[in-house]
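Asks: As you go down the protein sequences, you meet chains A and B in turn. FYI, the numbering for the first sequence is -1 to 325, going by this note's numbering. FYI, the numbering for the second sequence is 278 to 786, going by this note's numbering.
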Amino acid sequence: MLRANSQRATSNAWWSILASLRSQEATLGAFLLVMVAVLGAIQPAFLAPQNIRDMLINASYPAIAAVGMTMVIVSAEIDISIGSILAVCAVLAGNLAQASVPIPLVFAAALVAGMLLGMLNGALVAWARIPSIIVTLGALSFWRGLVIYLTQGAWIQNLPDAFYFAQRSVLGVPVPIWLMVVLVVSGMLWMHYSPLGREIYAVGGSRQAAMLAGVPVRRRLFLVLTLNGICAAVAALIYASRFSVIQSNAGLGFEFQVITAVVVGGTSIMGGTGTILGSLLGCLLVSVIGTGLTFLKVSPYWMQAVQGTLILLAVVVDVLRRRHAGR
Amino acid sequence: MSKFILELQGVNKTFPGVQALTNVDFGVEPGEVHALVGENGAGKSTLIKIIAGVYPPDAGTIRFAGQPVRILSPHHAQTLGIAAIYQESSLYPELSVAENVFMGHHPRAGLLRAVDWEAMYRQTSEIFKGLLVDLDPRAKVGNLSAAYRQLVEVAKALSQNARVLIMDEPTASLTQRDVEALFQTVRVLRGRGVAVIYISHRLEEVFALADRVTVLRDGVLVATRPVSEVTQGELVAMMVGRTLDTMFPKEEVPIGEPLLRVKHLGRRGSVSDVSLEVRRGEIVGLAGLVGAGRSELAQTLFGITPADSGSIELDGRQVTIGNPHQAMALGLAYVPEDRQRQGLILPMSVRDNVTLAILDSLCRFGLVSPGAEEAIAKEYIDRLQVRTPSSRQTVVNLSGGNQQKVVVSKWLVSRPKVLILDEPTRGIDVGAKAEIHRLMSRLAGQGLGIVMISSDLPEVLGMSDRVLVMRRGTIVGEFQRGEATQEKVIAAAMGLVGQEAGGASVARE
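1) Does the pairing of the stretch 587 to 597 of chain B with the stretch 638 to 648 of chain B give three or more beta-carbon distances under 8 Å?
2) Would you mind reading off the limits of the alpha helix (DSSP H) that contains residue 214/A?
3) Can you list, in chain order, the residues of its chain with a C-beta nearer than 7 Å to that of residue 300/B? Leave out the 5 residues immediately preceding and following it.
4) Go through the stretch 411 to 468 of chain B residue by residue and report every complete run of the alpha helix (DSSP H) that reaches 4 residues or more, in order.
5) In whole angstroms, what is the alpha-carbon distance linking residue 366/B and residue 767/B?
6) Excluding the five sequence neighbours on either side, which residues of its own chain have a C-beta within less than 7 Å of the C-beta of residue 619/B, listed in chain order?
7) Residue 196/A versus chain B: which residues are under 9 Å apart at the beta carbon?
8) Would you say the stretch 300 to 311 of chain B touches the stretch 478 to 494 of chain B, given that touching needs at least three Cβ pairs under 8 Å?
9) For residue 350/B, which of helix, strand or coil comes out of DSSP?
10) Roughly how many angstroms separate the alpha carbons of residue 202/A and residue 404/B, rounded to a whole number?
11) Could you tell me whether the Cβ of residue 210/A comes closer than 9 Å to any Cβ of chain B?
12) For the candidate residues 47/A, 45/A, 247/A, 125/A, whose alpha-carbon lies nearest to that of residue 141/A?
13) Looking at the unbroken alpha helix (DSSP H) that takes in residue 305/B, where does it start and where does it end?
14) For residue 579/B and residue 207/A, what's the separation of their Cα atoms in angstroms?
15) Which residues mark the beginning and the end of the alpha helix (DSSP H) in which residue 540/B is found?
16) Scan the stretch 687 to 717 of chain B for residues whose Cβ lies nearer than 8 Å to a Cβ of chain A and list them as they occur along the chain.
17) Hey, how far is the Cα of residue 617/B from the Cα of residue 679/B?
18) Please state the DSSP three-state secondary structure of residue 292/A.
19) Going along chain B, which residues have a C-beta under 9 Å from residue 271/A?
20) Using the rule of at least 16 other Cβ atoms within 10 Å of the residue's Cβ for burial, across every protein chain shown, is residue 730/B buried or exposed?
21) Let me check understanding here. Comparing Cα to Cα, which of 728/B, 577/B, 770/B, 351/B lies closest to residue 437/B?
22) How long is the line joining the alpha carbons of residue 446/B and residue 364/B, rounded to whole angstroms?
23) Taking its Cβ as the centre, do 16 or more other Cβ atoms sit within 10 Å of residue 770/B, making it buried, or is it exposed?
24) Would residue 541/B be called buried (16 or more neighbouring beta carbons within 10 Å of its own) or exposed?
25) Of all Cβ atoms in chain A, is any one closer than 9 Å to the Cβ of residue 776/B?
26) Would residue 332/B count as contacting chain A if we go by Cβ distances under 9 Å?
27) With which residues is residue 699/B paired in a DSSP beta bridge?
28) Strictly below 8 Å CB to CB, what residues from chain A border residue 620/B?
29) Report the residues of the stretch 586 to 618 of chain B with a CB closer than 7 Å to any CB of chain A, ordered along the chain.
30) Report yes if the CB atom of residue 163/A is closer than 9 Å to the CB atom of residue 173/A, and no otherwise.
31) Relative to chain B, which residues along the stretch 104 to 124 of chain A have a C-beta separation below 8 Å, given in chain order?
32) Under 8 Å from any heavy atom of the ligand HEM, does the C-beta of residue 310/B make it?
33) Taking the alpha-carbon of residue 151/A as reference, which of 89/A, 106/A, 95/A has the nearest alpha-carbon?
34) With residue 550/B as the anchor, note down where its beta strand (DSSP E) starts and where it stops.
35) Can you check DSSP and say which residues form a bridge with residue 640/B?
36) Can you name, in chain order, every residue of its own chain whose Cβ lies under 6 Å from the Cβ of residue 460/B, other than the five neighbours on each side?
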């Protein structure tokens, strides 16, 4: 009797996993494949290995930033300052490299800078209890302004060869793609299997219930925004070393691109649900659409409008899903 | 034509897991004050929300002034002439009295249809004059007392020519003198032919004010009677409607040594000088009126609002509890009152909720072991008979009773010695309620000490080995199982110790 029950429960568990996949990542994955197939059918060059590689590299640094952003949005906060954090880290790295600082130290310094800026956001949100949208709006403006002032708008170029790691490959796969895979996979495992990751879902789902269950809510918010700063710094290093120049307007609109991808990937803007896998698919989708528009000879100026439509669609879907669940 | 201005026939309403109203026939006449009474969860709120257009009924008809109507929204209800004053204020504190009264239907004048401020102030003055109230229409609502804010709500309803006015516990936050003033206003309205639906937990108000009274119990309309033909005792019997011994499956359990011993515990502003003891296998009921400090005491014990004086002894060891994490580690568990906001993480699955508080102990190499987690979730789903399709089901989709079982599971997995339950069966249907009660009995049998906070007096009397009564942040009465009666508990809760409280026995909220 009991055994029969537990067997039924097991098969039910499988069903519900399938069902939840069907409603989120699987839909998105299928949509992505269909889109790639259609674009490939119209323009076979779209499927050329070089183009696939470019699209993956284009998606790599938003995807890495999306690892942190997913955590932030799951915890029911937001960080719109990552574009400026990216600029600070990229410009800092470029300047240090120009000053002949050893390259490993340059990278370490950029990561520490991203971490510190994330910690500052986190402290203001967690302990000063200022809404994250306000804190990061201020950070967005402040750090961007500082970068423009310090660089006076000048480009940074002609850096040592070792700096341009993002242009190299390991085992035939470009380094940015390696980094994306490693960070996305470890982020997924961390969110799903570590107590800290799970507590982030709890914090986003209900602050009060999490607090009552013994979760130190503020320390978790601080952690999440700090990790997000570090992710933005990693994205910055790929960005900075991918092209031969670093501009003071680096990462302008980056936060929008990443948040779009995360929300399109099924993370609820209200917090509490979402996966990094979904966000990765969201980034790939944005990248494929961007390249697809070029292949279809649509003006790249449409990209902004397309992103805006995507984010609205995703939020509408989320709202409808919630309404359905609430019934 | 019907004598009723508003009439409901055969109204049904179901929420997931709860039949909130069953086949209710209800009518109000112009110029009557019609009281609506019943225990928590009897269906009063659902009924008035259907009348006010907040929920549509699942079945049944509504007639207004003789015509069948479908009330589509609160706004639609207002245009019909049905206004509702809820416990939560719907006023704008930063705006003036007159603006609040006319919000949404400002008087307008001139070619541009601009807001006619003079007319607005004048008409507001007239409304208040009609109510025999002296209030400046230009005053800022945020500066008014609770009593005057209540009157602004009334004026707002009148400015829309309300013919039916619903008042949900209007006196809950008023002082005795203000209550009299409000009654005065209600009588003026009655004189003008307005039908007033008046919800109150205070039976003495029903007798002082109402013409007729309707009793709801478990979503069923028990009776509608003229107030002059019914006694308080009869009303109480209709509201409770069941005998204790059939309802509560309390088992006799050997009671052991003290687990929790609290001496002179205090926290400024909420809890003062509380001493109590909870023994192994014992269920201690904590009764009192809303605001008596019961939840505050629980939160102080659990370290949410740590104590600033007194001492706590757990299992014979002196302890200090500074936050929930410590409280859990010491073997305390607290099932909070607000299941949906404080007890559960709604977007998470049953499994993730159950294991949330003990994730660290399920780790292998720093990662949570899915096998161990699933095993625990399964175990508790079986033990507490949580009805869910799987452990992966999102808790938001479960019924209230099953959600409560998930919350209790979450705390049982931390293997507490003392379990504090805050309103464990509020808003849960009768069947699930009995299951929670059986569970409590069983847990006590396994040697847990249980503190149960409840406003449901039959539950307190039916389930407790000992009843403690709180009032104004401290314990004012203690009764053994045999000697506790509704009257004694209520008398203590209301500060009438030594007197026979008689009719006040339903003043519980």
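Even for Gly, the Cβ is constructed at its ideal location relative to N, Cα and C.
Replies: Inspection of the coordinates gives the following:
1) no
2) Taking the first residue of the first sequence as 1, we reach residue 214/A at position 216. Residue 214/A -> no alpha helix (DSSP H), and no H or E assigned at all.
3) Along the second sequence, one-based indexing puts residue 300/B at 23. Counting only Cβ-Cβ distances below 7 Å, and skipping sequence neighbours, we find 287, 289.
4) 423 to 436, 453 to 468
5) Taking the first residue of the second sequence as 1, we reach residue 366/B at position 89. Taking the first residue of the second sequence as 1, we reach residue 767/B at position 490. Spanning the two alpha carbons is a distance of roughly 29 Å.
6) Here residue 619/B refers to the residue found at position 342 of the second sequence. Cβ within range, chain order: 613.
7) Position 198 of the first sequence holds residue 196/A. Neighbours of residue 196/A on chain B, chain order: 625, 629, 632, 633, 636, 645.
8) yes
9) Translated into positions along the second sequence, residue 350/B becomes position 73. Residue 350/B falls in the coil class under three-state DSSP.
10) Within the first sequence, residue 202/A is the residue found at index 204, counting from 1. Within the second sequence, residue 404/B is the residue found at index 127, counting from 1. Computed Cα separation, rounded: 47 Å.
11) The count along the first sequence starts at 1 and reaches residue 210/A at position 212. Chain B contact via Cβ: present.
12) Taking the first residue of the first sequence as 1, we reach residue 141/A at position 143. Checked all of 47/A, 45/A, 247/A, 125/A; the closest Cα to residue 141/A is 247/A.
13) Walking along the second sequence from the start, residue 305/B turns up at place 28. First-last for residue 305/B: 295 to 305, but that is the beta strand (DSSP E), not the alpha helix (DSSP H).
14) Along the second sequence, read from residue 1 onward, the residue named residue 579/B stands at position 302. Along the first sequence, read from residue 1 onward, the residue named residue 207/A stands at position 209. Using only the alpha carbons, I get a separation of about 13 Å.
15) Counting from 1 along the second sequence, the entry for residue 540/B is found at position 263. Unbroken run through residue 540/B is the beta strand (DSSP E), 535 to 544; no alpha helix (DSSP H).
16) 687
17) The residue you call residue 617/B lines up with position 340 of the second sequence. The residue you call residue 679/B lines up with position 402 of the second sequence. When rounded, the distance between both Cα atoms is 12 Å.
18) For the purposes of this step, residue 292/A is identified with residue 294 of the first sequence, where counting begins at 1. Looking at residue 292/A - three-state DSSP - the assignment turns out to be helix.
19) As a working note, residue 271/A is residue 273 in the first sequence. Under the 9 Å cutoff, chain B gives 624, 625, 671.
20) Here residue 730/B refers to the residue found at position 453 when the second sequence is read from its first residue. With 16 or more other Cβ atoms within 10 Å, it is buried.
21) Against the second sequence, residue 437/B aligns to sequence position 160. Of the candidates 728/B, 577/B, 770/B, 351/B, the one whose C-alpha sits nearest the C-alpha of residue 437/B is 351/B.
22) Taking the first residue of the second sequence as position 1, residue 446/B is located at position 169. Taking the first residue of the second sequence as position 1, residue 364/B is located at position 87. Whole-angstrom Cα-Cα distance: 6 Å.
23) For this step, residue 770/B is matched to residue 493 along the second sequence. Buried: at least 16 other Cβ atoms inside 10 Å.
24) Position 264 of the second sequence, counted from the start, is the residue given in the question as residue 541/B. Counting Cβ neighbours within 10 Å, residue 541/B comes out exposed, since fewer than 16 surround it.
25) As a working mapping, residue 776/B is identified with position 499 in the second sequence. Any reading at residue 776/B needs caution, since the residue's pLDDT is 41, under 50, leaving its predicted position unreliable; the model's value is listed next. Cβ-Cβ to chain A under 9 Å: no for residue 776/B.
26) Walking along the second sequence from the start, residue 332/B turns up at place 55. Chain A contact via Cβ: absent.
27) Position 422 of the second sequence, counted from the start, is the residue given in the question as residue 699/B. Per DSSP, 730/B.
28) On the second sequence, position 343 is the one that residue 620/B refers to. What residue 620/B touches in chain A: 207, 210.
29) 601, 602, 605, 611, 613, 618
30) Taking the first residue of the first sequence as 1, we reach residue 163/A at position 165. Taking the first residue of the first sequence as 1, we reach residue 173/A at position 175. Contact flag set, yes.
31) none
32) The ligand HEM is not part of the structure shown, which contains no ligands of any sort.
33) As a first step, residue 151/A must be located in the first sequence, where it is residue number 153. Among 89/A, 106/A, 95/A, the Cα nearest to that of residue 151/A belongs to 89/A.
34) Within the second sequence, residue 550/B is the residue found at index 273, counting from 1. Per DSSP, residue 550/B belongs to the beta strand (DSSP E) from 548 to 556.
35) As a working note, residue 640/B is residue 363 in the second sequence. Answer by DSSP bridge pairing, in chain order: 645/B.
36) Within the second sequence, residue 460/B is the residue found at index 183, counting from 1. Once the five neighbours on either side are set aside, the close Cβ partners of residue 460/B are 486.
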